[in-house]
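*Asks:* Residue numbers for the first sequence follow my numbering, beginning at 2 and rising by one.
The beta carbon of each residue, even a glycine, is placed where N, CA and C say it ideally should be.
Note that the structure is predicted; figures quoted are calculated from it, not measured.
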Amino acid sequence: MTLPDTLIEKTFSPADFEQRWYAHWEAVNAFRPERPDAKPYTIIIPPPNVTGSLHLGHALDNTLQDILIRYHRLLGRDARWVVGTDHAGIATQMVVERQLAESTQATTRQAMGRTAFLETVWDWKRTSGGAITQQLRRLGASCDWSNERFTMDEGFNKAVTKVFVTLFEQKLLYRDKRLVNWDPKLKTAISDLEVEFREVDGNLWHFRYPMEDGSGFIAIATTRPETILGDGAVAVNPDDPKMAHFVGKRCRLPLVDRLIPIITDSYVEADFGTGAVKITAAHDFNDFEVYKRHPEANIPVINLMNDDATMSDACPPEYRGLTREEARKKVIADFDALGLLDKVEPHRHQVPYGDRSGVIIEPYLTDQWYVNAAELAKPALEVVKSGATQFVPKTWEKTYYNWMENIQPWCVSRQLWWGHQIPAWYDEGGKCYVAETEEAAQAQAGSAAVLTRDEDVLDTWFSSALWPFATLGWPEKTDELARHYPGDVLVTGFDIIFFWVARMVMQGLHFMDDVPPFKTVYCHGLVRDAKGAKMSKSKGNTVDPLTLVDKYGADALRFTLTAMESQGRDIKLDEKRVEGYRNFATKLWNAARFCQSNGIGASTTVEPPKAENAVNRWIIGEVATTARALETAMATYRFDAYADAIYGFAWNRFCDWYLELTKPLLAEGADPVVAAETRAVSGWALDQILVMLHPVMPFLTEELWHKLGARSRDLIVSEWVRTDAIPADPAASADIEWLIGLVSEVRSARTELNVPPGAKLGYSVEGAGAATTARLSANAAAIERLARIVPATTTATGGKLQLVHADATYALPLEGVVDLAAEKARLEKAIATASKERDALAGRLASPGFTEKAKPEAVEKARDDHAARSAEAERLGAALARLG
RNA sequence: GGGCGCGUAGCUCAGCGGUAGAGCACUCGCUUCACACGCGAGGGGUCGCAGGUUCAAACCCUGCCGCGCCCA
2 MTLPDTLIEK
12 TFSPADFEQR
22 WYAHWEAVNA
32 FRPERPDAKP
42 YTIIIPPPNV
52 TGSLHLGHAL
62 DNTLQDILIR
72 YHRLLGRDAR
82 WVVGTDHAGI
92 ATQMVVERQL
102 AESTQATTRQ
112 AMGRTAFLET
122 VWDWKRTSGG
132 AITQQLRRLG
142 ASCDWSNERF
152 TMDEGFNKAV
162 TKVFVTLFEQ
172 KLLYRDKRLV
182 NWDPKLKTAI
192 SDLEVEFREV
202 DGNLWHFRYP
212 MEDGSGFIAI
222 ATTRPETILG
232 DGAVAVNPDD
242 PKMAHFVGKR
252 CRLPLVDRLI
262 PIITDSYVEA
272 DFGTGAVKIT
282 AAHDFNDFEV
292 YKRHPEANIP
302 VINLMNDDAT
312 MSDACPPEYR
322 GLTREEARKK
332 VIADFDALGL
342 LDKVEPHRHQ
352 VPYGDRSGVI
362 IEPYLTDQWY
372 VNAAELAKPA
382 LEVVKSGATQ
392 FVPKTWEKTY
402 YNWMENIQPW
412 CVSRQLWWGH
422 QIPAWYDEGG
432 KCYVAETEEA
442 AQAQAGSAAV
452 LTRDEDVLDT
462 WFSSALWPFA
472 TLGWPEKTDE
482 LARHYPGDVL
492 VTGFDIIFFW
502 VARMVMQGLH
512 FMDDVPPFKT
522 VYCHGLVRDA
532 KGAKMSKSKG
542 NTVDPLTLVD
552 KYGADALRFT
562 LTAMESQGRD
572 IKLDEKRVEG
582 YRNFATKLWN
592 AARFCQSNGI
602 GASTTVEPPK
612 AENAVNRWII
622 GEVATTARAL
632 ETAMATYRFD
642 AYADAIYGFA
652 WNRFCDWYLE
662 LTKPLLAEGA
672 DPVVAAETRA
682 VSGWALDQIL
692 VMLHPVMPFL
702 TEELWHKLGA
712 RSRDLIVSEW
722 VRTDAIPADP
732 AASADIEWLI
742 GLVSEVRSAR
752 TELNVPPGAK
762 LGYSVEGAGA
772 ATTARLSANA
782 AAIERLARIV
792 PATTTATGGK
802 LQLVHADATY
812 ALPLEGVVDL
822 AAEKARLEKA
832 IATASKERDA
842 LAGRLASPGF
852 TEKAKPEAVE
862 KARDDHAARS
872 AEAERLGAAL
882 ARLG
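Take a look at the structure:
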């Protein structure tokens with residue numbers, strides 16, 4: 002044992018040391034010590050947006066990753082947490098555009114031009130981007146910052162280009178004209194996943210279209226009257242008798258005066274609306290499908306809108322330039338004027354909104370680049386089905402399968418400037434050449450061709466799908482790649498399975514020789530407010546994790562999130578919990594301070610010191626039991642179990658019992674040999690607590706580690722508990738459990754009878770066997786201190802308190818103090834409890850079904866329990882009888 | 001409409017086949033020489049409802065009721 006280094010201050014104040022330790026760890030490269038011979042352990046961070054700022058979801062996600070990394074680092078693995086940020090195409094472009102608009106020049110990207118704008122974005126990235134990486138440091142995240150990556154850095158660009166070209170050459174990536182989700186505010190295609198459906202109170206308008214043959218009208222119903230201008234057909238259900246007479250005829254589309262066919266398609270629901278549906282192939286996903294199913298009908302596909310969702314030149318002149326909303330009003334009014342508006346029915350329905358712009362998304366017909374996701378999904382499904390990649394909790398596999406099995410072509414082009422520009426060039430005739438460089442494209446096209454590069458960039462997820470291998474140097478065959486691919490686990494929110502997990506698995510398998518990017522996917526839940534509501538800026542119920550860090554310390558926040566993380570369930574975060582775990586940190590701080598003031602300091606061995614005394618042997622065994630529980634918790638990703646086990650051990654075992662039981666052993670006049678042993682064991686046990694708690698509370702534990710003595714290494718790069726060096730010690734365990742039981746019984750009885758807490762009572766004992774007698778004498782000092790009883794010098798007469806523990810009955814004379822009636826009532830209650838359980842067990846044992854069919858262990862346990870309860874009831878009965 | 005999940009102490013949640021647990025909150029007592037962000041002792045649950053399987057069910061099965069999420 003080495004002597005204390007610095008005195009531990011009386012008050013625990015995390016702000017005093019958290020940032021100091023972080024800076025130290027980073028400076029000495031503690032996050033990734035050189036361990037060339039160790040087995041690698043790799044986590045690839047889900048890269049936060051470069052525009053992002055830390056919210057509680059990040060705090061949870063990164064706390065869990067940090068626990069895994071710190072734990073495996075303590076186990077001696079070559080732990081590496083690959084870190085970096087995502088360029089976040091739309092988000093970043095929006096941030097910079099907003100700044101431009103608000104700046105003194107009040108300019109736009111269009112006014113600046115592409116090159117100048119991109120320079121501005123890079124400037125922004127250099128000065129303001131990545132604030133979140135500083136916030137992750139506040140949280141204690143032990144990432145490998147020395148190899149921080151960005152999805153737009155040079156190597157990554159190379160990877161993205163290579164993947165694009167390769168997929169194109171393999172015919173898994175192609176250009177196509179299809180409907181996309183068009184965001185008319187941002188003027189770009191967006192992914193299905195970036196579309197948010199909202200229930201909206203709208204209307205169902207019923208209109209009449211006159212029949213070509215003058216035989217009357219066909220009525221249709223629509224929620225989007227403005228799209229009537231682009232109708233190409235009317236469809237009815239083939240089995241609908243009331244519509245049969247229309248089929249095959251044509252009707253005249255009012256306002257545009259165009260003849261359109263009436264066709265049948267089973268997609269039409271006969272009893273919804275009027276039973277007839279207008280088909281606008283260019284502005285509705287379902288209608289587009291109908292159009293494709295009916296080539297014979299020659300349905301025209303008319304793109305009614307410009308890219309800002311104003312009405313285009315394809316509309317009659319009086320509608321051109323109107324917004325969607327204005328056009329809708331005018332169409333309704335014009336139909337009404339013609340007497341063709343039948344009725345307006347209130348109708349609640351789902352409307353698509355862009356989750357970033359907040360405007361209504363328009364299904365829009367454009368040329369875009371698509372990845373054949375269905376093809377890439379096949380092996381990605383297989384790898385989960387075979388177990389090569391496992392989801393924890395397993396239930397998310399179904400969600401993954403469901404999405405993968407119904408996957409649509411993935412639109413990967415975006416009409417943005419910030420991102421990876423698509424490596425495709427067009428000649429004057431519009432012919433497309435895809436190549437890794439412009440020179441290569443030129444070579445394909447011939448030197449005479451004048452090439453123009455595709456203006457669009459790739460979906461951010463296209464590049465982040467490559468994160469697990471492009472961060473490690475791919476397409477170069479680096480040592481890093483060989484060593485750290487695949488990662489051990491991906492930790493992420495379940496809401497991101499589609500965005501991330503699915504796409505990383507697809508690309509990882511395709512480009513890394515069928516090896517999936519990680520062995521395990523741990524999906525956690527969402528962090529909600531104390532009432533269970535989703536946190537959102539608009540609701541104003543967001544909690545800034547850094548505010549909690551300032552108030553309670555990063556360790557307390559981390560512990561809270563860990564304790565509440567049980568396998569993917571959502572977390573309702575109540576600040577009271579953070580406060581509670583701050584109290585736990587304070588408790589441990591004070592325990593360490595107590596140890597220090599008693600000459601207990603840093604241990605010198607990883608193995609436990611030699612111990613003779615039962616309480617010391619007991620705590621060594623308890624450390625091992627706890628460490629094993631923690632190992633199991635980590636192996637099964639039970640973060641809540643990890644937190645519970647270390648909390649319970651540190652507080653309820655070590656502080657409440659061990660430190661209290663050993664106080665007499667350290668007191669003045671105690672046996673110096675025993676005292677020395679106790680100091681050694683205390684120091685060792687406290688060190689093990691620091692080691693075991695370190696993954697969750699890294700700052701506090703590192704601080705105490707150094708306060709307790711001079712160390713040859715920092716705790717972060719120390720060593721996990723050597724459970725293999727600790728044999729089971731059932732004798733010590735039995736001794737101390739007996740002692741704890743006795744003290745608890747006495748305390749309980751004293752309180753019930755209102756014995757003054759300070760009063761020290763004499764006791765006499767009956768029925769004690771040799772073991773109990775030995776235990777009573779070996780632990781006399783502890784019993785006196787904790788139960789406040791000492792062996793009686795005289796025999797009790799009159800009123801007494803009696804209690805039964807193990808094989809003995811203890812009597813505490815309480816002449817004049819005890820209320821005889823109260824003591825009788827207490828004993829009667831105890832007898833009732835014991836008898837009730839005795840009888841219940843007897844009943845079970847009497848049932849032939851139980852003794853014949855139950856597992857032998859269960860029967861044996863019932864017999865033992867029955868005997869114990871029976872004896873207890875008997876002794877309590879005798880005690881009651883003695884009271885008279 | 002399809003799928004997933006949840007209903008256990010006042011609150012938040014563990015437990016998922018052998019006598020109901022934790023933290024917080026609550027009650028009572030305590031200036032016990034580490035800690036009142038503390039110490040000690042307590043009260044509190046027909047484990048959503050109804051059936052079934054089993055010697056035994058909070059735990060497995062079926063149905064119902066209530067709540068949430070995802071997809072269409």
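Counting pairs of beta carbons, one from the region 582–600 and one from the region 650–670, are three or more of them closer than 8 angstroms?
*Replies:* Contact holds: three or more Cβ-Cβ distances are below 8 angstroms.
*Asks:* Whole angstroms are fine: how far does the CA of A603 sit from the CA of M2?
*Replies:* Numbered from its first residue, the first sequence carries residue 2 at position 1. Numbered from its first residue, the first sequence carries residue 603 at position 602. Any reading at M2 is ruled out, since the residue's pLDDT is 46, under 50, leaving its predicted position unreliable.
*Asks:* Which of the three DSSP states, helix, strand or coil, is assigned to E346?
*Replies:* Residue mapping note: residue 346 aligns to position 345 of the first sequence, counting from 1. E346 falls in the strand class under three-state DSSP.
*Asks:* If you reduce the DSSP assignment to three classes, tell me which class A809 lands in.
*Replies:* The residue given as residue 809 occupies position 808 in the first sequence. It is a strand residue.
*Asks:* How far does the alpha helix (DSSP H) with E508 in it reach, from first residue to last?
*Replies:* Along the first sequence, read from residue 1 onward, the residue named residue 508 stands at position 507. The question names Glu, but residue 508 is Gln in the sequence shown. 504–512 is the extent of the alpha helix (DSSP H) around Q508.
*Asks:* Using the C-alpha atoms, what's the distance from A750 back to D808?
*Replies:* Position 807 of the first sequence, counting from 1, holds the residue named residue 808. Position 749 of the first sequence, counting from 1, holds the residue named residue 750. Those two C-alpha atoms are separated by around 18 angstroms.
*Asks:* From C640 to R786, what does the alpha carbon distance come to, in whole angstroms?
*Replies:* Position 639 of the first sequence, counted from the start, is the residue given in the question as residue 640. Position 785 of the first sequence, counted from the start, is the residue given in the question as residue 786. The residue asked about is misnamed: residue 640 is Phe in this sequence, not Cys. Approximately 37 angstroms between the Cα atoms of the pair.
*Asks:* Which first and last residues belong to the beta strand (DSSP E) in which Q391 is found?
*Replies:* Taking the first residue of the first sequence as position 1, residue 391 is located at position 390. Counting along the chain, the beta strand (DSSP E) containing Q391 begins and ends at 391–393.
*Asks:* Have a look at A222 and P353 and give me their C-alpha separation to the nearest angstrom.
*Replies:* Taking the first sequence and counting its residues from 1, the one referred to as residue 222 is at position 221. Taking the first sequence and counting its residues from 1, the one referred to as residue 353 is at position 352. Distance between the alpha carbons of A222 and P353 is about 19 angstroms.
*Asks:* Using DSSP's beta-bridge definition, name the partner residues of S765.
*Replies:* Mapped onto the first sequence, residue 765 falls at position 764. A812, per the DSSP bridge assignment.
*Asks:* Looking only at its own chain, which residues have a Cβ that is under 6 angstroms from the Cβ of I601, when we skip the five neighbours before and after it?
*Replies:* Locating residue 601 in the first sequence gives position 600, counting from the first residue. Counting only Cβ-Cβ distances below 6 angstroms, and skipping sequence neighbours, we find R680, S683, G684.
*Asks:* Got a sec, what are the start and stop residues for the alpha helix (DSSP H) L366 sits in?
*Replies:* Taking the first residue of the first sequence as position 1, residue 366 is located at position 365. Careful: L366 lies outside any alpha helix (DSSP H), inside the beta strand (DSSP E) at 363–372.
*Asks:* Should V506 and V384 be called a contact, given that it needs their Cβ atoms to be closer than 8 angstroms?
*Replies:* What you label residue 506 is simply residue 505 of the first sequence in a count that begins at 1. What you label residue 384 is simply residue 383 of the first sequence in a count that begins at 1. It is a contact, given that the beta carbons lie within the stated cut-off.
*Asks:* Whole angstroms is fine: what's the gap from P469's alpha carbon to H485's?
*Replies:* Within the first sequence, residue 469 is the residue found at index 468, counting from 1. Within the first sequence, residue 485 is the residue found at index 484, counting from 1. Using only the alpha carbons, I get a separation of about 9 angstroms.
*Asks:* For P891 and V502, I'd like the C-alpha separation in whole angstroms.
*Replies:* Limits of the chain in this structure are 2 at one end and 885 at the other, which puts residue 891 out of reach.
*Asks:* So, helix, strand or coil for C656, using DSSP?
*Replies:* Within the first sequence, residue 656 is the residue found at index 655, counting from 1. C656: helix per DSSP, three-state reduction.
*Asks:* Taking only runs of the beta strand (DSSP E) that begin and end inside the region 119–196, which ones reach a length of at least 3 residues, in chain order?
*Replies:* Taking only runs of at least 3 residues, the beta strand (DSSP E) segments lying wholly in the region 119–196 are 174–184, 189–191.
*Asks:* In or out: H350 buried (at least 16 other Cβ within 10 Å) or exposed?
*Replies:* Numbered from 1 along the first sequence, position 349 holds the residue referred to as residue 350. The residue in question, H350, is exposed, as its Cβ has fewer than 16 Cβ neighbours within 10 Å.
*Asks:* With burial defined as no fewer than 16 other Cβ atoms inside 10 Å of the residue's Cβ, what is the status of E195: buried or exposed?
*Replies:* Along the first sequence, read from residue 1 onward, the residue named residue 195 stands at position 194. Buried.
*Asks:* Taking C-beta to C-beta, are E703 and W22 nearer than 8 angstroms?
*Replies:* As a first step, residue 703 is located in the first sequence; it is residue number 702 there, counting from the start. As a first step, residue 22 is located in the first sequence; it is residue number 21 there, counting from the start. The answer is yes: Cβ separation under 8 angstroms.
*Asks:* Per the DSSP calculation, C524 is bridged to which residue(s)?
*Replies:* Taking the first residue of the first sequence as 1, we reach residue 524 at position 523. Paired residue(s): T493.
*Asks:* Within this structure, are the beta carbons of V458 and Q409 separated by less than 8 angstroms?
*Replies:* As a first step, residue 458 must be located in the first sequence, where it is residue number 457. As a first step, residue 409 must be located in the first sequence, where it is residue number 408. Result no, Cβ atoms of V458 and Q409 do not sit closer than 8 angstroms.
*Asks:* Taking buried to mean at least 16 other C-beta atoms within 10 Å of its own C-beta, is F273 buried or exposed?
*Replies:* Residue numbering aside, residue 273 sits at position 272 when the first sequence is read from its first letter. Exposed, since its Cβ has fewer than 16 Cβ neighbours within 10 Å.
*Asks:* What is the rounded straight-line gap between the Cα of F151 and the Cα of L473?
*Replies:* Locating residue 151 in the first sequence gives position 150, counting from the first residue. Locating residue 473 in the first sequence gives position 472, counting from the first residue. Cα to Cα, the separation comes out at about 12 angstroms.
*Asks:* With burial defined as no fewer than 16 other Cβ atoms inside 10 Å of the residue's Cβ, what is the status of L821: buried or exposed?
*Replies:* If you number the first sequence from 1, residue 821 lands on position 820. Exposed.
*Asks:* Here's the rule: buried if 16 or more other CB atoms are within 10 angstroms of the residue's CB, otherwise exposed. What is E363?
*Replies:* Counted from its first residue, the first sequence places residue 363 at position 362. Buried.
*Asks:* Please state the DSSP three-state secondary structure of G488.
*Replies:* Locating residue 488 in the first sequence gives position 487, where the first residue counts as 1. Note: G488 maps to strand in three-state DSSP.
*Asks:* Going by DSSP, what residues sit across from G203 in a beta bridge?
*Replies:* Position 202 of the first sequence, counted from the start, is the residue given in the question as residue 203. The partner list for G203 (beta bridge, DSSP) reads H348.
*Asks:* Grab the span of the beta strand (DSSP E) containing L877 for me, first residue to last.
*Replies:* Within the first sequence, numbered from 1, the residue matching residue 877 stands at position 876. First-last for L877: 857–884, but that is the alpha helix (DSSP H), not the beta strand (DSSP E).
*Asks:* Under DSSP, the beta strand (DSSP E) around K279 begins and ends at which residues?
*Replies:* As a first step, residue 279 is located in the first sequence; it is residue number 278 there, counting from the start. Counting along the chain, the beta strand (DSSP E) containing K279 begins and ends at 277–280.
*Asks:* Using the Cα positions of A625 and A636, report the straight-line distance between them to the nearest angstrom.
*Replies:* Numbered from 1 along the first sequence, position 624 holds the residue referred to as residue 625. Numbered from 1 along the first sequence, position 635 holds the residue referred to as residue 636. One C-alpha to the other measures close to 16 angstroms.
*Asks:* Only counting the same chain, and skipping five residues up and downstream in sequence, which positions put a Cβ closer than 7 angstroms to that of H246?
*Replies:* Along the first sequence, read from residue 1 onward, the residue named residue 246 stands at position 245. Nothing meets the Cβ criterion.
*Asks:* Buried or exposed for E853, please, with buried defined as at least 16 other CB atoms from any protein chain shown within 10 angstroms of its CB.
*Replies:* Counted from its first residue, the first sequence places residue 853 at position 852. Answer is exposed; the Cβ neighbour count stays below 16.
*Asks:* Among the candidates L69, L804, I690, whose CA atom is the shortest distance from the CA of K588?
*Replies:* The residue given as residue 588 occupies position 587 in the first sequence. Nearest option by C-alpha distance: I690.
*Asks:* In whole angstroms, what is the alpha-carbon distance linking L694 and L574?
*Replies:* Residue 694 sits at position 693 when you count from the first residue of the first sequence. Residue 574 sits at position 573 when you count from the first residue of the first sequence. Cα to Cα, L694 sits roughly 21 angstroms from L574.
*Asks:* What does the alpha-carbon distance come out to for the pair P262 and A449?
*Replies:* Position 261 of the first sequence, counted from the first residue, corresponds to residue 262. Position 448 of the first sequence, counted from the first residue, corresponds to residue 449. The straight-line gap from Cα to Cα measures roughly 48 angstroms.
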